[in-house]
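Working notes for the structure below.
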Amino acid sequence: MDEDAGTEGEGRREEMAGLAKGLSVLLAFNHDHPSLSLSEIATITGLAPATARRCLLTLQSLGYVGSVKRRFFLRPKVLDLGAAYLEALDIERLASVPLTELANATSDSASISVLDGEDIIYVARASVRTLVRLEAHVGSRFPAFATAMGRVLLAALPDPMLRAFLDKAAIAPITEKTVVDRDQLFELITQVRKDGYCAVEDELAYGVVSLAVPLKDQGGRTIATLNSASHSKRYAKDQLVAERLDHLRGVADQISRELRRLPSGNGLLPVADTVALGR
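Dropping the structure here:
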């Protein structure tokens, strides 16, 4: 009998449904919902109220959730979960110097992000100037389709996988300039693949212009992305490309070389593998 026969079924049997439900409760909280009632959590997660309550009580006993007057909120211990990922990844330490140098050289911000589901998530950042309309930090999430970094990451996908991603993604206007037509997004992203960079202006937030390039592994596959962002009143998109692209590519090559030194299993998968795994 094939050793792998039945592996998929066994994997499902070994999954911990309770853990999955508890994590879904943690993820119900966000910037728009910093505190939630039991019924709100049940609605957001799709869990039965009794199940949601058991999850909340367990998370509360472990110190991840607090409550006041029947409303629940996350406690600082939740940061330990993200910190564990970043410590294992070690990307902040490896990229700290070149990111800071890039931010200082441009008097703006420089960031690294990876793809997580339909979003990009910041895993490292340095900033000299604060963008008034967009506060970003390590752990910030933004829709991939509307960002320069997201489009660079999505450009690493084969056409059929990119089509599937765009077909199922939640795409809605964020500003009046946000591109939301899926066919147009497909064309824009495939052009990013040809150009090797992406610039976006006022699509994620008014006043924000960003230029991004890929970070690649030993096989030349995109595993993350580096950007330089500024205020669109200081730089038009074409001007940002003309003045910073070569510099940004040089920093990206430097960081990519450092990332290649990370041990295997550090969590930085090629984008196509990340999407295939449903992350």
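Using the working numbering, the first residue of the sequence shown is number 525, and each one after it goes up by one.
C-beta: ideal position from N, C-alpha, C; glycine also.
Just so you know, these numbers come straight off a predicted model, no measurement behind them.
In the DSSP assignment, the alpha helix (DSSP H) including residue i goes from what residue to what residue?
i      : result
LYS740 : No alpha helix (DSSP H) contains LYS740, which is instead part of the beta strand (DSSP E) from 732–740.
THR746 : Here THR746 belongs to no alpha helix (DSSP H); instead the beta strand (DSSP E) covers 746–755.
PHE689 : 683–692
LYS761 : 761–783
GLY475 : Lying outside 525 to 803, the shown extent of the chain, residue 475 is not represented and no answer is given.
What would DSSP say about residue i, mapped onto helix, strand or coil?
i      : result
GLU532 : With a pLDDT of 43 at GLU532, under the threshold of 50, the predicted position of this residue should be treated as unreliable, though the coordinate-derived value follows. Helix, per DSSP.
ILE568 : helix
GLY542 : helix
GLY590 : strand
ILE698 : coil
SER631 : coil
ALA574 : helix
ASP556 : coil
LEU728 : coil
VAL806 : Since the first and last residues shown for the chain are 525 and 803, residue 806 lies out of range.
VAL621 : helix
VAL703 : coil
LEU639 : strand
LEU550 : helix
ASP797 : helix
ILE615 : helix
Under DSSP, the beta strand (DSSP E) around residue i begins and ends at which residues?
i      : result
VAL652 : Careful: VAL652 lies outside any beta strand (DSSP E) and carries neither H nor E.
ARG665 : 665–667
ILE713 : Segment 706–719 is the alpha helix (DSSP H) holding ILE713; no beta strand (DSSP E) there.
ARG595 : 595–598
ALA723 : 722–725
LEU560 : 559–561
Thinking C-beta only, is residue j closer than 8 Å to residue i?
i      : j      : result
ALA650 : SER633 : yes
SER734 : ALA672 : yes
ALA776 : LEU739 : yes
LYS761 : ALA723 : yes
ALA544 : ILE565 : no
ARG594 : LEU560 : no
THR749 : ILE636 : yes
ARG599 : VAL589 : yes
VAL795 : LEU681 : yes
LEU677 : LEU690 : no
LEU626 : SER780 : no
VAL716 : ALA679 : yes
LEU712 : ARG675 : yes
THR702 : ALA736 : no
VAL647 : ILE615 : yes
ASP643 : ARG617 : no
PRO573 : PHE597 : no
Looking at C-alpha atoms only, which residue of the options is the closest neighbour of residue i?
i      : options                        : result
ILE568 : THR582, LEU550, SER585         : LEU550
LEU542 : CYS579, ASN628, ARG717         : A small correction: the amino acid at residue 542 is Gly; Leu does not occupy that position in the sequence shown. Looking at the Cα atoms, CYS579 is the closest of the given residues.
ASP726 : THR699, VAL704, GLY720, THR746 : THR699
ALA629 : LEU618, ARG595, HIS771, GLN778 : HIS771
PRO667 : HIS557, GLU767, GLY641         : GLY641
LEU793 : GLY774, VAL765, GLN742         : GLN742
LEU583 : SER780, SER548, ARG784         : SER548
ASN554 : GLY587, ARG745, GLY663         : GLY663
VAL592 : ASP604, LEU586, LEU562, LEU618 : LEU562
LYS718 : TYR730, VAL732, ASP683         : ASP683
TYR721 : LEU686, PRO697, GLY774         : GLY774
ASP604 : ARG784, SER620, GLY587         : GLY587
ILE747 : ARG665, VAL799, SER585, LEU764 : VAL799
ASP797 : SER620, LEU571, LEU639         : LEU639
VAL732 : THR714, GLU782, GLY744, SER754 : SER754
Can you find a C-beta in chain D that's less than 8 Å from the C-beta of residue i?
i      : result
GLN715 : Of the protein chains in this structure there is only one, and it is not chain D.
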